[in-house]
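> Residue numbers (the working numbering), protein chains in the order written: chain S, 51 to 130; chain Y, 51 to 130. The beta carbon of each residue, even a glycine, is placed where N, CA and C say it ideally should be. Predicted, not measured: the structure shown is a model, and the values here were computed from it.
This is how it looks when you write it as C-alpha cells:
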C-alpha cells in the first residue's frame, strides 16, 4: 500500500522559499503569478495491512515526524 | 487558478533523504515500512487565464525552474 503525504505551511505562516521561487519565476518571464507556496511530499510504502490501519499509522507518522504541526498542515491519500 | 505541482526523484535515483526518514520512522516504532521517497510540493496561484494556457505555463515552469528533469519527474493538477 502506498501513502502519498503532502505537508504544507499553514495559512498565515510566512513562506520565504515560496516567495523566492515566485520572484525567480517572475524574472524568467512568468508574470501572471499571484502566490507560490512551497511544501514537502512523501511517498511511503507500507507492507500489507488493512487500509484503515494504514491510515491510522500514517496519521501518527505525520504527527510524530513528518510534519511540524505547530506551523504545518498535512494531508494524505492511501493507494493500493 | 491553482496549480498543485509534485516533484519526485526518478525511479532508480538514490534518495538519501527518504532513507533517513525511513530509518527515523523505524526507530519510532513504525516497522512495516518498505520504502520512503521524499519529494517537493508547490502550490502556484495563476491569475485568470484559460486552463489550457495555464497547463502550458506550468509545464514550462517545471521544465525551467521547479524540477531538475535529469533526475526528477514532475506531475501537476490545475484546479479552479
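1) According to DSSP, is residue 108 of chain S helix, strand or coil?
2) I want to verify the contact list: residues of chain Y whose CB lies under 9 Å from the CB of residue 86 of chain S, in sequence order.
3) Secondary structure at residue 115 of chain Y, three-state DSSP: helix, strand or coil?
4) Taking Cβ to Cβ, would you say residue 82 of chain S is nearer than 8 Å to residue 96 of chain Y?
5) Distance, Cα to Cα, residue 110 of chain S vs residue 86 of chain S?
6) Using a Cβ-Cβ cut-off of less than 8 Å, give me the residues of the stretch 97-124 of chain Y that come near chain S, in sequence order.
7) Who are residue 53 of chain S's beta bridge partners in DSSP?
8) Pull up the DSSP beta-bridge partners for residue 99 of chain S, would you.
9) Under 8 Å between C-beta atoms, does residue 78 of chain Y make it to chain S?
10) Let's see if you can read the secondary structure: which residues bound the alpha helix (DSSP H) around residue 69 of chain Y?
11) Could you confirm whether any beta carbon from chain Y is found closer than 8 Å to the beta carbon of residue 70 of chain S?
12) Beta carbon of residue 90 of chain Y, beta carbon of residue 57 of chain Y: below 8 Å?
13) Rounded to whole angstroms, what is the Cα-Cα separation between residue 130 of chain Y and residue 54 of chain Y?
14) Only counting the same chain, and skipping five residues up and downstream in sequence, which positions put a Cβ closer than 6 Å to that of residue 63 of chain S?
To lay it out plainly:
1) Translated into positions along the first chain, residue 108 of chain S becomes position 58. Correct three-state label for residue 108 of chain S: helix.
2) As a working note, residue 86 of chain S is residue 36 in the first chain. Those within 9 Å of residue 86 of chain S in chain Y are 92, 93, 94 and 95.
3) For the purposes of this step, residue 115 of chain Y is identified with residue 65 of the second chain, where counting begins at 1. Residue 115 of chain Y falls in the helix class under three-state DSSP.
4) Within the first chain, residue 82 of chain S is the residue found at index 32, counting from 1. Within the second chain, residue 96 of chain Y is the residue found at index 46, counting from 1. Yes; because the gap between Cβ atoms is below 8 Å, this pair is in contact.
5) Mapped onto the first chain, residue 110 of chain S falls at position 60. Mapped onto the first chain, residue 86 of chain S falls at position 36. C-alpha separation (whole angstroms): 28 Å.
6) Residues of the stretch 97-124 of chain Y that bring their beta carbon within less than 8 Å of a beta carbon in chain S comprise 97, 98, 99, 107, 110, 111, 114, 115 and 116, in sequence order.
7) By 1-based counting over the first chain, the position of residue 53 of chain S is 3. DSSP lists S:94 and S:128 as partners of residue 53 of chain S.
8) Here residue 99 of chain S is taken as the residue at index 49 of the first chain, counted from 1. Per DSSP, none; premise fails for residue 99 of chain S.
9) Here residue 78 of chain Y is taken as the residue at index 28 of the second chain, counted from 1. Yes, residue 78 of chain Y lies at the interface with chain S (some Cβ there is under 8 Å from its Cβ).
10) Your numbering for residue 69 of chain Y matches position 19 in the second chain. Here the alpha helix (DSSP H) through residue 69 of chain Y covers 66-77.
11) The residue you call residue 70 of chain S lines up with position 20 of the first chain. Chain Y, which has no Cβ nearer than 8 Å to the Cβ of residue 70 of chain S, makes this no.
12) Working through the second chain from its first residue, we reach residue 90 of chain Y at position 40. Working through the second chain from its first residue, we reach residue 57 of chain Y at position 7. Yes, they are a contact pair.
13) For the purposes of this step, residue 130 of chain Y is identified with residue 80 of the second chain, where counting begins at 1. For the purposes of this step, residue 54 of chain Y is identified with residue 4 of the second chain, where counting begins at 1. One alpha carbon belongs to residue 130 of chain Y, the other to residue 54 of chain Y, and they sit about 11 Å apart.
14) Counting from one through the first chain, the residue named residue 63 of chain S turns up at place 13. Excluding sequence neighbours, residue 63 of chain S sits near 121.
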